[in-house]
Amino acid sequence: MATDPTAATWPRDFVWGSSTSSYQIEGAAREDGRGLSIWDTRCLMKGKVANGDTGDVACDHYHRYREDVALMKELGLQVYRFSVAWPRVLPRGRGVANEAGLDFYDRLVDTVLEAGIEPWLCLYHWDLPQALDDLGGWTNRDSAGWFADYTALVAKRYGDRVKCFATFNEFAVFTMFGYAIDWGAPGITDRAAHLKAIHHVNLAHGASVDVLRSLVRGVSIGAVHNWQLTRAEGGKPENEDAAEMLDQHWNRAFPDPQLLGVYPPLIATAIEPYVQAGDMARICRPIDWFGLNHYGPIFVKADPSATWGFAWGGPPDDAPRSEIGWPIYPGDFRDVLIQLTQRYKLPVYVTENGCGGDDKPGADGKVDDPKRIAFLSAYIGAMHEAIEAGADVRGYLVWSLLDNFEWGSGYTQRFGIVHVDYETQKRTPKSSARWFADLITATRVP
Ligand code: GCO
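Numbering (my numbering), first residue to last: 150 to 595.
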């Protein structure tokens with residue numbers, strides 16, 4: 150029997166919240182001195198984003214953040230993970246800072262704190278300044294220094310009020326999609342570029358951890374990783390090597406060097422040409438928590454024509470799926486949480502979990518999303534089972550607060566617990582938002 154999370158007893162200090170990211174919600178892409186990011190560029194490329202959608206306006210959060218924070222307060226959220234848009238505060242990625250951009254995050258952080266919510270600041274959710282990509286982006290080893298300098302700017306500005314920082318969001322996703330598969334910016338497909346990007350992003354993480362530790366008193370530092378079980382499509386033996394290769398690239402290429410000091414074996418030899426003496430120690434810096442983004446397993450098939458010989462396959466025909474076709478496997482979530490605790494020995498925060506759909510208001514204006522409620526109930530119940538089995542899970546942040554710009558899918562996939570009408574920018578909490586608020590209340594009952 151699945152655990153009903155509303156009836157379960159939760160650890161006393163367990164925290165509940167939501168996550169968002171800058172490019173997906175802010176809009177105001179050309180306002181107040183913001184520089185361009187690689188996603189602004191990608192959105193202008195034909196055929197890369199559904200319907201030619203862009204993040205130019207998105208949820209207009211840049212102007213409506215007060216309303217959005219008020220919504221979070223109303224729902225009883227305790228923490229809010231957002232990301233800073235690097236090109237908003239450093240339009241050219243380095244050098245002269247943009248005061249108007251820095252001011253925006255001052256106002257945001259203050260508003261979040263006034264609402265009694267703890268701000269968690271993620272330094273990088275994929276919007277690299279275009280000016281740095283022009284210099285090679287993450288394939289340039291100097292990127293680690295650029296990121297350290299950007300970290301210092303942010304840490305000095307907000308470190309008096311923000312104590313919880315994440316260096317990167319989903320290292321493996323943006324490096325693989327950006328440099329090996331062309332599902333994300335900058336859209337290169339090249340093994341050497343991908344390997345360099347992996348290594349330099351790892352170096353950037355390590356450098357950023359050191360900067361945060363030295364500049365922010367009482368800081369709590371984490372890194373946000375995607376981690377999904379990789380399963381051979383159809384259970385076929387010929388897909389097993391591909392599934393193993395994807396596991397090492399997708400799940401382990403970042404946490405292993407950052408927390409264990411080594412690259413996974415299938416990557417180690419290939420990446421050697423880019424590793425210099427002392428690098429592994431630069432990457433492997435003590436941090437305080439492991440951020441997990443998890444949605445479901447990946448079914449993998451062999452594809453000799455692909456950059457690394459693997460490709461995304463499909464789940465079995467009878468697999469439960471969300472409205473957008475993603476497989477629903479709460480049991481995998483439980484298993485991953487247990488495995489991560491054992492492997493890395495860090496407290497885990499679930500920094501993203503949720504479900505995409507095509508939610509629309511009914512005739513009465515209400516937005517009912519029973520499928521999302523069922524998904525959240527099953528996954529949060531599974532998380533409780535993991536905790537009972539010894540997983541050290543300390544909090545859960547739903548993805549996402551608002552419907553938003555879903556990268557290559559544009560605005561066609563809605564992940565919010567709050568519906569956004571992109572014509573009017575009207576926010577309407579869905580029934581899942583109410584469900585989540587009630588869950589939070591229930592977990593607080595002594
Ligand atoms: C990611 C990102 C989010 C996505 C979410 C749904 O996991 O890709 O962190 O930006 O929007 O995961 O795909």
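All C-beta atoms in this analysis are idealised placements derived from N, C-alpha and C, irrespective of residue type, glycine included. Fair warning: this is a prediction, and the values are worked out from it, not measured in the lab.
Which of helix, strand or coil DSSP assigns to N247: Taking the first residue of the sequence shown as 1, we reach residue 247 at position 98. In the three-state reduction of the DSSP assignment, N247 falls in the coil class, being assigned neither a helical nor a strand state.
Q. Are the Cβ atoms of T500 and A540 separated by less than 9 Å?
A. Start at 1 with the first residue of the sequence shown, and residue 500 comes out as number 351. Start at 1 with the first residue of the sequence shown, and residue 540 comes out as number 391. Contact flag unset, no.
In terms of DSSP beta bridges, what is D570 paired with?
-> As a working note, residue 570 is residue 421 in the sequence shown. Answer is K575, bridged to D570.
Would you check if the distance between the CB atom of G371 and the CB atom of W287 is smaller than 9 Å? Taking the sequence shown and counting its residues from 1, one reaches residue 371 at position 222. Taking the sequence shown and counting its residues from 1, one reaches residue 287 at position 138. Their beta carbons are not under 9 Å apart, which means G371 does not touch W287 by this criterion.
According to DSSP, F323 sits in a beta bridge with which residue or residues? As a first step, residue 323 is located in the sequence shown; it is residue number 174 there, counting from the start. F323 pairs with nothing; no bridge assigned.
Collapsed DSSP secondary structure at N200 in the structure displayed: As a position in the sequence shown, residue 200 is number 51, starting the count at 1. In the displayed model, N200 falls within a helix according to three-state DSSP.
Please tell me whether W399 and H443 are closer than 9 Å, where the distance is taken between their beta carbons. On the sequence shown, position 250 is the one that residue 399 refers to. On the sequence shown, position 294 is the one that residue 443 refers to. Going by C-beta atoms, W399 is not nearer than 9 Å to H443.
- Query: Y130 by DSSP, collapsed to three states: which one?
  - Reply: No statement about residue 130 is possible, as the shown extent of the chain runs from 150 to 595 and does not include it.
### Query
Where do the ends of the alpha helix (DSSP H) carrying F524 lie?
By one-based count along the sequence shown, residue 524 stands at place 375. F524 -> alpha helix (DSSP H) spans 519–537.
Uninterrupted beta strand (DSSP E) stretches inside the stretch 436–467 (no shorter than 3 residues): Here the runs fully enclosed are 438–442, 447–451, 459–461.
(request) With distances taken Cα to Cα, identify the nearest neighbour of F554 among V164, H210, M325. (result) Position 405 of the sequence shown, counting from 1, holds the residue named residue 554. Closest by alpha carbon: H210.
Worksheet item: CB V449 to CB A381, shorter than 9 Å?
Response: Along the sequence shown, read from residue 1 onward, the residue named residue 449 stands at position 300. Along the sequence shown, read from residue 1 onward, the residue named residue 381 stands at position 232. Contact flag set, yes.
| field | CA nearest to the CA of A151, picked from R434, G440, P476, G530 | value | One-based indexing of the sequence shown puts residue 151 at position 2. Taking A151 as reference, the option from R434, G440, P476, G530 with the minimal CA-CA separation is G530.
Within its chain, find whatever has a CB closer than 7 Å to the CB of A468; leave out the 5 residues flanking it on each side and keep chain order. Along the sequence shown, one-based indexing puts residue 468 at 319. Residues of the same chain with a CB within less than 7 Å of the CB of A468, apart from the 5 flanking positions on each side, are P476 in chain order.
Would you mind stating whether P154 and H533 have Cβ atoms separated by less than 9 Å? One-based indexing of the sequence shown puts residue 154 at position 5. One-based indexing of the sequence shown puts residue 533 at position 384. The Cβ atoms of P154 and H533 sit closer than 9 Å to each other.
Return the Cβ separation of D508 and K575 in integer angstroms, given the expectation that the two are a contact with Cβ distance under 8 Å. Within the sequence shown, the letter at position 359 stands for residue 508. Within the sequence shown, the letter at position 426 stands for residue 575. A Cβ-Cβ distance of about 13 Å is found for the pair D508 and K575, leaving them out of contact under the 8 Å criterion.
**Prompt:** Does the distance from the C-beta atom of A460 to that of A391 stay below 9 Å?
**Reply:** For the purposes of this step, residue 460 is taken as residue 311 along the sequence shown, with counting starting at 1. For the purposes of this step, residue 391 is taken as residue 242 along the sequence shown, with counting starting at 1. One thing to note: A460 has its Cβ within 9 Å of the Cβ of A391.
Q. Hey, would you say I447 sits closer than 9 Å to L395, going by beta carbons?
A. As a first step, residue 447 must be located in the sequence shown, where it is residue number 298. As a first step, residue 395 must be located in the sequence shown, where it is residue number 246. Remark: C-beta atoms of I447 and L395 approach each other more closely than 9 Å.
* Residues that DSSP places opposite Y545 in a beta bridge -> For the purposes of this step, residue 545 is taken as the residue at position 396 of the sequence shown. W165, V499.
**Message:** Taking the beta carbon of L272 as the centre, do at least 16 other beta carbons fall within 10 Å, making it buried, or is it exposed?
**Reply:** Position 123 of the sequence shown, counting from 1, holds the residue named residue 272. So L272 counts as buried.
Tell me the rounded alpha-carbon separation between I268 and G445. Against the sequence shown, residue 268 aligns to sequence position 119. Against the sequence shown, residue 445 aligns to sequence position 296. The identity of residue 268 in the sequence shown is Pro, whereas the question assumes Ile. Roughly 27 Å separates the two Cα atoms.
**Message:** Short of 8 Å in beta carbon distance, which residues of its chain neighbour Q425, apart from the five on each side in sequence? Order them along the chain.
**Reply:** In the sequence shown, residue 425 corresponds to position 276, counting from 1. So no residue of the chain qualifies.
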